[in-house]
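Chemist: Numbering (this note's numbering), first residue to last: 9 to 362.
Idealized CB from N, CA, C, for every residue including glycine.
Structure incoming, see below.
Pasting the structure below:
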């Protein structure tokens, strides 16, 4: 087929050839999935080799998507940032991954449903056995967001002993974030700002709300229903360490580079090489031959490559994926402003890897 022939001839580390390769994929998938706006950034060997915005941020205003300006929500990709925050505390010898998380908590305790304690290792690999309790996790009013400790007090429900099976739950990173918050005596959103966003110069990145000076740059979230695109209201999550970062493609490029370069960018180190390696290594699998979890990243195997990645989908109208290929020193970030943008995101990922 034409696309495969084009791909086999293209040098995907050349920005012009990469643009010629990606443009038709975005055009076709965005039309097919009714996606108003999308963005991509690609990093390789410590450099941003390509970024581009496609479509519009808002159907009424027709504002074009700009890679270093337009802000998207990245939903569950937030969990990787929370894992990084935990690993920073491990680096600083404030937390031990094998410790009972209760040791670091005041006011909230993991119940003793099972004799084995839940550790940070369990939380970062989603092998803690915590339940996923969906109703009541969000609000349409920013002023009604419940503080982490208060929200978790009645919602730490254990369904299985830790270390037995991967069971993805929003409560894993949220509980880990509370432990970081209490250990550092710093509100978690402030912790992320001071220890990750600022050192990495992710200037347009924030949690949970967009910085006031950039509010006009937030892409509007949409859903395609009843044969038309419908605007969705912004939602805030009580479990925000699992879901609430807003950012740009170029800010995410800097985050990918820092991870691929084992915790450093522009001569600034946010994580030790040892901790960064540990964060990317296989940490838990349900079976040795099945991809599992690193710390904060899940594993995939495709085209004889080991990928570590995290996707995000938010039902207030956003979808995103961050994918790293450590052995190729390569990273890709794709985001769009529609609730179900998987056709675009998976399409870009698969064709690029092919």
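(1) Helix, strand or coil, according to DSSP, for residue 309 in the structure here?
(2) Sort 80, 357, 113 by Cα distance to residue 188 and report the nearest one.
(3) Which partner residues does residue 317 have in the DSSP bridge list?
(4) How far does the alpha helix (DSSP H) with residue 288 in it reach, from first residue to last?
(5) Quick check on residue 120: buried or exposed, where buried means 16 or more other Cβ atoms within 10 Å of its Cβ?
(6) Please classify residue 224 as buried or exposed, where buried requires at least 16 other C-beta atoms within 10 Å of its C-beta.
(7) Does the segment 206–218 come into contact with the segment 245–254, if we say contact requires no fewer than three beta-carbon pairs (one atom in each stretch) closer than 8 Å?
(8) Which term fits residue 173, buried or exposed, when burial requires 16 or more other beta carbons within 10 angstroms of its beta carbon?
(9) For residue 73, count the other beta carbons within 10 Å of its own beta carbon; 16 or more makes it buried, fewer makes it exposed. Which is it?
(10) Tell me the rounded alpha-carbon separation between residue 228 and residue 306.
(11) Grouping DSSP H, G and I as helix and E and B as strand, with all else coil, what is residue 22?
(12) Give a yes or no on whether the minimum CB-CB distance between residue 322 and chain D is below 8 Å.
(13) Am I right that residue 79 and residue 183 are in contact with their C-beta atoms under 8 Å? What's the rounded C-beta distance?
(14) Say whether the segment 309–327 touches the segment 343–350, bearing in mind that this needs 3 or more beta-carbon pairs closer than 8 Å, one atom from each stretch.
(15) Mark residue 295 as exposed unless 16 or more other C-beta atoms lie within 10 angstroms of its C-beta, in which case mark it buried.
Modeler: Walking through what the data contain:
(1) Here residue 309 sits in strand by DSSP.
(2) It is 113.
(3) Beta-bridge pairing links residue 317 to 306, 331.
(4) For residue 288, the enclosing alpha helix (DSSP H) covers residues 281–288.
(5) Counting Cβ neighbours within 10 Å, residue 120 comes out exposed, since fewer than 16 surround it.
(6) Flag for residue 224 reads exposed.
(7) In this structure the segment 206–218 touches the segment 245–254; the number of beta carbon pairs closer than 8 Å is three or more.
(8) When all chains shown are included, residue 173 counts as exposed.
(9) Buried, since its Cβ has 16 or more Cβ neighbours within 10 Å.
(10) Residue 228 and residue 306: Cα-Cα distance of roughly 28 Å.
(11) Coil at residue 22, not helix or strand.
(12) Looking at the structure shown, chain D is missing, and only one protein chain is on hand.
(13) Not quite, the Cβ-Cβ distance comes to about 28 Å (not below 8 Å), so this is no contact.
(14) The answer is yes - the segment 343–350 touches the segment 309–327, with three or more Cβ pairs under 8 Å.
(15) When all chains shown are included, residue 295 counts as exposed.
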